[in-house]
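K.L.:
Protein chains in written order, with our numbering: chain A, 30 to 193; chain B, 31 to 180; chain C, 20 to 469; chain D, 7 to 193. Just so it is clear, CB atoms sit at the ideal spot from N, CA and C, and this is done for glycine as well. The model shown is predicted, which means the values in this text are computed figures rather than measured ones.
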Amino acid sequence: MTSLSSTAPPGVLTSDGLAADLCCFPTREQYVELVRSFRDDGFEMCVDLCGVDYLEHFDRRLPEGVEPTRFEVVVNLLSLSKKQRVRIRVQAGNEEPEVPTLFNLYPGTEAMEREAFDLFGILFTAHPDLTRILMPEEWEGHPLRKDYGVGRVPVQFKESPGPR
Amino acid sequence: MMSVDQYLPILGLLILGVLFGAGSLVMSAMLAPRKRPSDAKLAPYECGIVPEIEPPQRFPVRFYLVAMIFVIFDIEVVFMYPFAVVFRQLGLFGLVEVLVFSVTVFGALLFLVSEGALSWGPVKHLTAGMPSRTSSSTILRINSDSDQAA
Amino acid sequence: MSEPVVRAAERIEILSAETSEGAQELQRRDATNVNELSREVGAVLRLDGLTLDPTSIDMERRDDETMIINMGPSHPSTHGVLRLMLELDGEFVLRTKPVIGYLHTGMEKTGEVLSYIQGATNVTRMDYLSPVINELCYSMAAEKLLGIEVPERAVWIRMMMSELNRISSHLVWMATNGMDLGASSMMIYGLRERELILAFFEKTTGLRLNLNYVRPGGVAADLPDGWQDDVLVICDTIFARTFEYDELLTGQPIFRNRMVGVAPLTAEEALALGVTGPLLRSTGVAWDLRRAMPYLAYDQVEFDVIVGTFGDNFDRYAIRLNEIRESIRIIRQCIDMMPRGDYRSQDPKVTPPPRARIGESMEALIHHFKLFTEGFQVPPGEVYLAVESPRGELGCYMVSDGTAKPYRLHVRAPSFVNLQAVSLLMRGGSMADTITVVSTIDPVMGEVDR
Amino acid sequence: MALEDLQHNFLTGPLEDIVRWARRASVWPASFGLACCAIEMMATGGADFDLARYGMEVFRNSPRQADLMIVAGRVSQKMAPVLRQVYDQMMEPKWVISMGVCASTGGLFNNYAIVQGVDQIVPVDVYAPGCPPSPETLMHSILTLHEQIRTGEIMKRRHEGRPFHLDATPELWTPEVPVAVRVGTPK
């Protein structure tokens with residue numbers, strides 16, 4: 030994988046040793062700038078945006094200089110012309126995760142950001158309609174957080190706390 | 031006397047109609063299980079959502095224009111009933127008369143259509159210079175050697 | 020009489036409070052902020068500002084003259100439990116907002132509770148029209164994390180089964196699209212052809228739907244002997260039938276009026292919205308993951324990528340119809356080039372010992388027991404892997420923390436993203452066009468709501 | 007004065023049989039397709055496993071014209087009140103088949119998002135097992151329902167006692183207030 034550090038704005042750590050495809054770890058301030066530079070560099074489509082809660086797996090492998098926080102937003106960009114993918118993982122913060130929205134760069138991320146807000150509680154500044162998308166309106170709590178129980182109704186005839 | 035039983039079949043038909051109508055109403059009232067018009071049943075059906083935005087009272091005028099077209103044909107049929115009773119005595123003259131009448135009524139329909147009652151206004155359809163396409167002429171086949179990027 | 024009426028009134032509040040989704044719904048125009056209004060009107064904020072200025076709603080209607088209705092969750096033509104809220108000026112659509120979540124099953128949460136062996140059963144129920152392709156995406160992601168190789172025969176079996184699944188998914192689309200446009204005989208034909216494929220699935224995997232056939236490490240069982248003639252029969256009959264559908268639908272004036280030129284989409288808008296699959300290819304962008312980023316053995320088979328020209332409903336119909344023929348072409352090559360060998364990787368870490376040996380040796384029994392109760396450990400790391408599902412790019416983002424269960428499983432559903440193009444496509448069309456737009460986007464609510 | 011209030015004597019016996027036979031032979035399902043089971047329900051309605059043989063030719067879309075609701079698929083918490091509203095708007099006499107284990111008991115998804123069993127929301131008459139139940143299983147459950155309608159056993163069970171699991175008062179055999187309890191946030 031060619032490294033894109035030449036075009037990426039300064040201060041961004043790009044390291045492709047971690048996983049098969051290219052990963053970038055901008056800070057929250059460089060986040061929108063980096064995505065804009067990728068888009069101008071030929072990454073036409075933002076394929077996926079999702080939140081991850083690293084409460085129980087805090088010590089995951091991160092390049093040096095990136096201080097891990099509990100929440101992380103993972104963005105997947107795709108370049109149809111160069112047939113290349115890049116993954117941008119931005120640390121979103123511990124208790125009040127807050128990340129600027131990508132709606133002005135890729136309008137397609139509007140629903141994905143609403144889902145990340147709904148299931149994780151990650152706020153997206155300047156998002157046009159930051160409301161719940163999957164859960165009912167008056168649902169309290171964000172289900173995909175690690176401290177949110179599975180909501181498993183104990184099954185009468187089988188009390189073993191197995192994987193199921 | 032003769033004239034009375036002339037109307038007998040109409041009377042019979044009337045009674046049958048009333049019998050059938052009233053009969054089905056009574057049967058369904060009698061046989062349907064316990065009926066309580068629960069409030070959900072009174073509410074209009076909105077695909078499962080309880081409606082809280084009540085629909086507006088004023089509908090666009092296009093819906094009423096279509097109703098006008100029906101009125102034309104309704105009136106036309108009403109005038110044809112008396113003709114149908116005596117059309118044998120009238121012979122050719124009656125037939126031509128009715129044809130002239132329906133042509134003039136048809137003129138009204140032509141006027142309405144030309145006024146645009148049936149064309150429902152600007153619809154965002156790609157129609158400019160649209161060739162008549164078949165399901166194989168509208169697509170391109172990119173096989174592996176002539177692989178051009180997006 | 021007054022008592023029940025009062026009770027009825029307050030009961031309506033209880034119920035309406037429960038079914039109303041407050042901020043998620045379409046509000047009046049003055050109650051929505053400009054950005055959201057432009058999104059609902061279908062403006063795609065692209066590089067050079069709005070392609071469609073929301074303030075110049077060309078069918079300018081005062082706010083109280085328009086009607087907000089909802090094509091609610093239980094509606095015959097919304098292909099599942101999609102709820103579309105439309106602001107209508109008489110017959111024309113001004114604004115649209117999809118309200119989803121009515122089939123949210125918490126699959127990503129369940130994915131974190133199930134081990135890698137059990138996970139395929141959960142993922143396969145997301146896009147219930149193409150179960151094999153869901154399992155394929157999940158298993159290939161797990162294999163990439165594990166770094167194990169799948170034997171050659173398993174690769175080809177997986178490719179053939181996912182192509183068969185693509186045909187059965189496109190057949191269901193042809194059936195429901197025909198039903199939506201009034202051609203109910205198309206519904207009967209589509210489902211009749213699909214039964215051939217489901218019979219073959221039942222023969223190889225034991226189930227018609229939700230097969231749990233593709234597992235990390237290979238496939239659950241080998242193909243039954245004599246499978247070549249079954250698949251040949253399927254290919255010949257369906258290939259002949261596609262010309263029947265062509266004759267039945269393409270020339271029909273009603274079908275043409277509702278499909279030709281309706282809901283056009285340009286390539287730039289599609290890319291901005293992240294739309295993939297037949298919807299993207301209908302705009303002329305030749306992007307098919309099987310060709311652009313080949314996985315399995317797609318680089319060894321010969322097939323065409325079908326691309327449309329005008330990006331309207333008719334193109335999407337033509338693309339899906341011809342993709343059925345392309346899949347048949349691939350399956351014929353799979354029959355000829357199917358390699359011999361074992362159908363599952365012999366790496367004991369992933370594959371349980373064969374059933375026969377469990378009776379004899381104790382270690383095999385323990386290995387089998389450990390594998391199925393606790394599952395196998397996957398080295399920590401993360402991976403994003405995408406395959407081409409009949410609706411677009413199906414991606415699986417998997418983070419593992421070294422235990423036997425994925426730490427985070429996120430599935431990038433193509434229908435979820437394609438559905439957001441609904442407000443752009445329906446803008447300015449008539450009410451009848453909304454039905455064809457929802458049908459040609461082909462959303463499967465299982466994978467939209469996950 | 008309804009069919010149940012008649013005294014079951016010699017005169018009214020044949021009338022009841024005729025009514026029950028007519029109801030059994032013309033059950034029209036409301037297509038309440040939710041998830042994978044809906045695809046199997048479509049396949050059952052298709053040409054190979056034709057449902058029209060049992061008089062269920064048409065899948066009515068509006069509950070006003072349907073008297074059987076087949077809950078085909080998993081019912082999420084957001085969908086529960088909608089399901090209850092459509093059930094309330096169905097005409098009497100109405101029956102419910104809960105198709106698939108997800109509708110019957112929450113099935114594979116024992117989590118926060120799925121109502122663990124549709125009988126918490128609507129009284130269910132026949133449970134069709136399977137995930138998804140194959141068309142034969144669905145037809146078997148439909149035939150058992152038809153059998154219950156023909157023998158009148160289904161109306162008898164409702165008429166005498168209240169359904170066992172719902173704490174509705176006896177004379178209200180379909181409870182007015184929805185029973186759907188939103189599972190809060192289990193901490």
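What did DSSP end up calling residue 213 (chain D) once you bin it into helix, strand or coil?
P.N.:
With chain D covering 7 to 193 only, the question about residue 213 (chain D) has no answer from this structure.
K.L.:
By the 8 angstroms beta-carbon criterion, what residues does the stretch 294-320 of chain C contribute toward chain A?
P.N.:
Residues 294, 295, 304, 306, 311 and 312.
K.L.:
Within the continuous beta strand (DSSP E) that includes residue 417 (chain C), where are the two ends?
P.N.:
Unbroken beta strand (DSSP E) run through residue 417 (chain C): 411-419.
K.L.:
I believe residue 158 (chain C) touches residue 408 (chain C) by the beta-carbon criterion, under 8 angstroms. Please report the beta-carbon distance rounded to the nearest angstrom.
P.N.:
Not a contact, Cβ separation roughly 14 angstroms.
K.L.:
Could you give the C-beta distance for residue 124 (chain D) and residue 134 (chain D), rounded to a whole number, given that I count them as a contact under 8 angstroms?
P.N.:
Wrong, their Cβ atoms sit about 12 angstroms apart, outside the cutoff.
K.L.:
At a CB-CB cut-off below 7 angstroms, which residues of chain B make contact with residue 88 (chain D)?
P.N.:
Correct list: 78 and 79.
K.L.:
Quick one: which chain C residues come within Cβ less than 7 angstroms of residue 127 (chain B)?
P.N.:
Residues of chain C passing the Cβ test: none, with the nearest at roughly 37 angstroms.
K.L.:
Find the nearest neighbour of residue 275 (chain C) within the set C:299, C:233, C:90 and C:332, judged by alpha-carbon distance.
P.N.:
That would be C:332, whose Cα lies nearest to the Cα of residue 275 (chain C).
K.L.:
Run through the DSSP bridge pairs and tell me what residue 120 (chain A) is partnered with.
P.N.:
DSSP, once it has assigned bridges, lists A:101 as partnering residue 120 (chain A).
K.L.:
If distances are taken between C-alpha atoms only, which option among C:290, C:265, C:169 and C:321 comes closest to residue 440 (chain C)?
P.N.:
Considering only alpha carbons, the answer is C:290.
K.L.:
Please decide whether residue 275 (chain C) counts as near chain D, where near means a Cβ-Cβ distance under 7 angstroms.
P.N.:
No, its Cβ sits nowhere closer than 7 angstroms to a Cβ of chain D.
K.L.:
Is there a C-beta anywhere in chain A that falls below 7 angstroms from the one on residue 83 (chain D)?
P.N.:
With 7 angstroms as the cut-off, residue 83 (chain D) counts as an interface residue toward chain A.
K.L.:
Given that residue 75 (chain B) touches chain D, what residues does it touch there, using C-beta distances under 7 angstroms?
P.N.:
Under the 7 angstroms cutoff, chain D gives 68, 69, 70 and 95.
K.L.:
Strictly under 7 angstroms for the Cβ-Cβ distance: is residue 68 (chain A) near chain D by that measure?
P.N.:
No, residue 68 (chain A) lies away from the interface with chain D (no Cβ there is under 7 angstroms from its Cβ).
K.L.:
Output the residue ranges of the alpha helix (DSSP H) runs that lie fully inside the stretch 54-100 of chain D and measure 4 residues or longer, sorted by chain position.
P.N.:
Fully enclosed alpha helix (DSSP H) runs of 4 or longer: 86-94.
K.L.:
Return no unless some Cβ of chain A is closer than 7 angstroms to the Cβ of residue 196 (chain D).
P.N.:
Only positions 7 to 193 of chain D appear in this structure, which leaves residue 196 (chain D) out of reach.
K.L.:
DSSP three-state label for residue 104 (chain D), please.
P.N.:
Three-state result, residue 104 (chain D): strand.
K.L.:
Does DSSP classify residue 498 (chain C) as helix, strand or coil?
P.N.:
Shown here, chain C extends from 20 to 469; a query on residue 498 (chain C) therefore has no answer.
K.L.:
With 7 angstroms set as the bound, which would you pick, yes or no: does the beta-carbon of residue 68 (chain B) sit closer than that to a beta-carbon of chain F?
P.N.:
Absent from the structure: chain F. Protein chains present are A, B, C and D.
K.L.:
Tell me, please, which residues DSSP counts as bridged to residue 89 (chain C).
P.N.:
For residue 89 (chain C), which the question treats as bridged, DSSP gives the partners C:104.
K.L.:
By Cβ distance below 6 angstroms, which residues in the same chain neighbour residue 52 (chain A) in space, the five residues on each side in sequence not counted?
P.N.:
If we look at residue 52 (chain A) and ignore the five residues flanking it on each side, its Cβ neighbours are 116.
K.L.:
So, helix, strand or coil for residue 143 (chain D), using DSSP?
P.N.:
If DSSP states are grouped into helix, strand and coil, residue 143 (chain D) belongs with the helices.
K.L.:
Quick one: Cα of residue 350 (chain C) to Cα of residue 362 (chain C), how far?
P.N.:
The alpha-carbon atoms of residue 350 (chain C) and residue 362 (chain C) are separated by roughly 18 angstroms.
K.L.:
Once DSSP output is grouped into helix, strand and coil, what is the label at residue 66 (chain C)?
P.N.:
Because residue 66 (chain C) sits at a pLDDT of 43, beneath the cut-off of 50, its placement in the model cannot be relied upon, and the following sentence gives the value as read from the coordinates. Coil, per DSSP.
K.L.:
Are the C-beta of residue 91 (chain C) and some C-beta of chain B separated by less than 7 angstroms?
P.N.:
Closer than 7 angstroms to some Cβ of chain B, the Cβ of residue 91 (chain C) qualifies, so yes.
K.L.:
Using the beta-carbon of each residue, which ones in chain D are nearer than 7 angstroms to residue 120 (chain C)?
P.N.:
Those within 7 angstroms of residue 120 (chain C) in chain D are 84.
K.L.:
For residue 156 (chain B), decide whether its Cβ has a neighbour in chain D, counting only Cβ atoms nearer than 7 angstroms.
P.N.:
Cβ-Cβ to chain D under 7 angstroms: no for residue 156 (chain B).
K.L.:
Would you give the residue range spanned by the beta strand (DSSP E) that residue 133 (chain D) belongs to?
P.N.:
Per DSSP, residue 133 (chain D) belongs to the beta strand (DSSP E) from 132-134.
K.L.:
Look up residue 115 (chain C) in the DSSP assignment and say whether it is helix, strand or coil.
P.N.:
Of the three classes helix, strand and coil, the one that applies to residue 115 (chain C) here is strand, per DSSP.
K.L.:
Find the residues of chain A that neighbour residue 133 (chain D), judging by a C-beta separation of less than 8 angstroms, and give them in chain order.
P.N.:
Within chain A, no residue comes near residue 133 (chain D); the closest Cβ sits about 16 angstroms away, beyond 8 angstroms.
K.L.:
In chain order, what residues of the stretch 79-111 of chain A put their CB closer than 9 angstroms to some CB of chain C?
P.N.:
Within the stretch 79-111 of chain A, the qualifying residues are 79, 80, 81, 82, 83, 85, 86, 89, 90, 103, 105, 107 and 109.
K.L.:
Can residue 133 (chain D) be considered in contact with the ligand COA, in the sense that its beta carbon sits closer than 6 angstroms to one or more heavy atoms?
P.N.:
Among the components modelled here there is no ligand, and therefore nothing to report on the ligand COA.
K.L.:
Who are the Cβ neighbours of residue 147 (chain A) in its own chain at under 6 angstroms, not counting the five residues just before and after it?
P.N.:
Excluding residues within five positions, the ones whose Cβ falls inside 6 angstroms are 161, 162, 163 and 164.
K.L.:
Can you give the Cα-Cα distance for residue 48 (chain B) and residue 110 (chain C), rounded to whole angstroms?
P.N.:
Taking the straight line joining both Cα atoms gives about 40 angstroms.
K.L.:
With a cut-off of 7 angstroms, does the C-beta of residue 171 (chain D) fall near any C-beta of chain A?
P.N.:
Confidence is the limiting factor: at residue 171 (chain D) the pLDDT is only 40, short of 50, which leaves the residue's position unreliable, though a coordinate-based value still follows. Not closer than 7 angstroms to any Cβ of chain A, the Cβ of residue 171 (chain D) fails to qualify, so no.
K.L.:
Can you tell me where the beta strand (DSSP E) with residue 40 (chain C) in it begins and where it stops?
P.N.:
Counting along the chain, residue 40 (chain C) falls outside any beta strand (DSSP E), and DSSP gives it neither H nor E.
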